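Asks:
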Amino acid sequence: MKNKQHFLNAFHLKIIGIISMIFDHIIVVFEMVDKIDLVPFFSINLVTIFRIIGRFSFIIFAFLTVEGILKSSNKIRYLSRLGILAVSMDLLLYIATGNYFGNPITTLFLGALTIYFLESKPLWKKFLSILPITYVLLISLEVIPLYCDYDLYGLCTIMIFYIGYLLSNFSSKFIIKSYHLDEETFENSSYKLSLRNTLSSILFLGFAMIIYFINPIWNNKGLFTEMNSIQAYAIFALIPILLYNGKRGYNKKWFKYGSYIFFPLHLIIIYLITLFVV
327 MKNKQHFLNA FHLKIIGIIS MIFDHIIVVF EMVDKIDLVP FFSINLVTIF
377 RIIGRFSFII FAFLTVEGIL KSSNKIRYLS RLGILAVSMD LLLYIATGNY
427 FGNPITTLFL GALTIYFLES KPLWKKFLSI LPITYVLLIS LEVIPLYCDY
477 DLYGLCTIMI FYIGYLLSNF SSKFIIKSYH LDEETFENSS YKLSLRNTLS
527 SILFLGFAMI IYFINPIWNN KGLFTEMNSI QAYAIFALIP ILLYNGKRGY
577 NKKWFKYGSY IFFPLHLIII YLITLFVV
């Protein structure tokens, strides 16, 4: 039976994330080259709207990263693609601006790497998950001169979606045992999917509220320093996540690899556009 409640697949989520990212990066790049005031229609309100729309992208890509590393048939290859893209983005930004900023792909890579270690069977390998976590924590505290966009907030977001996955599995086993349900039928049902999407969304919503209200306290300690009130709009990214049907959707090779290339490419295009603004 067709699931009418969950009608968005991974392809749809990726498109939403890409569109959101474009809105955000238009403002980021124009501000980076100090030309935001040279564009007449970039009013304060429009800039704010673009940044609000941009809040959805990282949350969606964080969710998809958890999906990707858990479902990938070749996790090393998946991690390699993310790692290469992260380094490429850093090099591109450095060449274009002469500064090292860090980028969100690095955060996605570190989150995926953490999950990869945690999902490994050897106990010693699970303990390796402390390495990327420590790395991000040191970045957030500015102990080391390295960067990854969204730093601790980003890694926490990825881990929250991973915890949502673990909790849904635990809850499913409890429900199946308590109500004597057929395991295969329940695992493939929309109820299991709803359980995971809902638990993940509730966990992130709680996390977002905590960050919003206690962020000034943490800022004094150097944590969550990039987060501000506008980041609270990220909770609206939970709407498409709640509608996710767990399917991959359209995934031809040109789109699969093209979406990786698009990350640096769209920044280059926006930057080239700024050159014509005088």
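The numbering of the sequence shown is my numbering, which starts it at 327 and goes up by one. Even glycine gets a Cβ: it sits at the ideal position worked out from N, Cα and C. The structure displayed is predicted, hence computed values, not measured ones.
On the DSSP letters alone, give me the boundaries of the alpha helix (DSSP H) that residue 336 sits inside.
Replies: Residue 336 -> alpha helix (DSSP H) spans 336-358.
Asks: By how many angstroms is the C-alpha of residue 354 removed from the C-alpha of residue 573?
Replies: Taking the straight line joining both Cα atoms gives about 32 Å.
Asks: Look up residue 426 in the DSSP assignment and say whether it is helix, strand or coil.
Replies: Reduced to three states, the DSSP call for residue 426 is coil.
Asks: My understanding is that residue 391 touches residue 438, with C-beta atoms under 8 Å, so please give their C-beta distance in whole angstroms.
Replies: At roughly 5 Å, the Cβ-Cβ gap stays under 8 Å, so residue 391 and residue 438 are in contact.
Asks: Please report the distance separating the alpha-carbon of residue 327 from that of residue 527.
Replies: Since pLDDT at residue 327 reaches only 48, below the 50 mark, its modelled position is unreliable, and the value read off the structure follows with that caveat. Roughly 25 Å separates the two Cα atoms.
Asks: With H, G and I counted as helix, E and B as strand and the rest as coil, what does DSSP make of residue 570?
Replies: Three-state DSSP puts residue 570 in a strand.
Asks: Apart from the five residues just before and just after residue 359, which ones in its own chain have a Cβ nearer than 6 Å to its Cβ?
Replies: Within the same chain, residue 359 has close Cβ partners 600.
Asks: Just the Cα atoms here: how many angstroms apart are residue 463 and residue 476?
Replies: Rounded to the nearest angstrom, the two C-alpha atoms are 11 Å apart.
Asks: Taking its Cβ as the centre, do 16 or more other Cβ atoms sit within 10 Å of residue 539, making it buried, or is it exposed?
Replies: With fewer than 16 Cβ atoms within 10 Å of its Cβ, residue 539 is classed as exposed.
Asks: Taking 8 Å as the threshold, find out whether the region 452-459 comes into contact with the region 488-496 through three or more Cβ pairs.
Replies: They do not touch, by the three-pair rule.
Asks: I need the DSSP call for residue 508, collapsed to helix, strand or coil.
Replies: It is coil, neither helix nor strand.
Asks: Note down, in chain order, each residue of its chain lying with its Cβ closer than 6 Å to the Cβ of residue 385, except the 5 sequence neighbours on either side.
Replies: Correct list, in chain order: 560 and 563.
Asks: In the DSSP assignment, the alpha helix (DSSP H) including residue 589 goes from what residue to what residue?
Replies: Segment 579-600, the alpha helix (DSSP H) holding residue 589.
Asks: Applying the criterion that 16 or more other CB atoms from any shown protein chain within 10 Å of the CB defines a buried residue, is residue 433 buried or exposed?
Replies: Residue 433 should be labelled buried.
Asks: So, using beta-carbon positions, are residue 338 and residue 566 closer together than 9 Å?
Replies: The answer is yes: Cβ separation under 9 Å.
Asks: Between 530, 473 and 447, which has its C-alpha nearest residue 483's C-alpha?
Replies: With distances taken between Cα atoms, residue 483 lies closest to 530.
Asks: Just curious, the alpha helix (DSSP H) that residue 457 is in, first and last residue?
Replies: 456-466 is the extent of the alpha helix (DSSP H) around residue 457.
Asks: Measuring alpha carbon to alpha carbon, tell me which of 443, 521 and 422 ends up nearest residue 305.
Replies: Because residue 305 is not part of the residues shown, which for the chain are 327 to 604, the question remains open.
Asks: Taking the alpha helix (DSSP H) that residue 383 belongs to, which residues open and close that run?
Replies: Residues 370-397.
Asks: So what's residue 474 in DSSP terms, helix, strand or just coil?
Replies: Coil, per DSSP.
Asks: Do you know how far the Cα of residue 449 is from the Cα of residue 579?
Replies: So the alpha carbons of these two residues sit roughly 35 Å apart.
Asks: Using the rule of at least 16 other Cβ atoms within 10 Å of the residue's Cβ for burial, across every protein chain shown, is residue 370 buried or exposed?
Replies: The residue is exposed, with fewer than 16 neighbouring Cβ atoms inside 10 Å.
Asks: Using three-state DSSP, classify residue 605 as helix, strand or coil.
Replies: Because the chain in this structure spans residues 327 to 604, residue 605 falls outside the shown range and cannot be described.
Asks: Can you tell which of 598, 349, 377 and 344 has the C-alpha that lies nearest to the C-alpha of residue 555?
Replies: Residue 377 is the option with its Cα nearest to residue 555.
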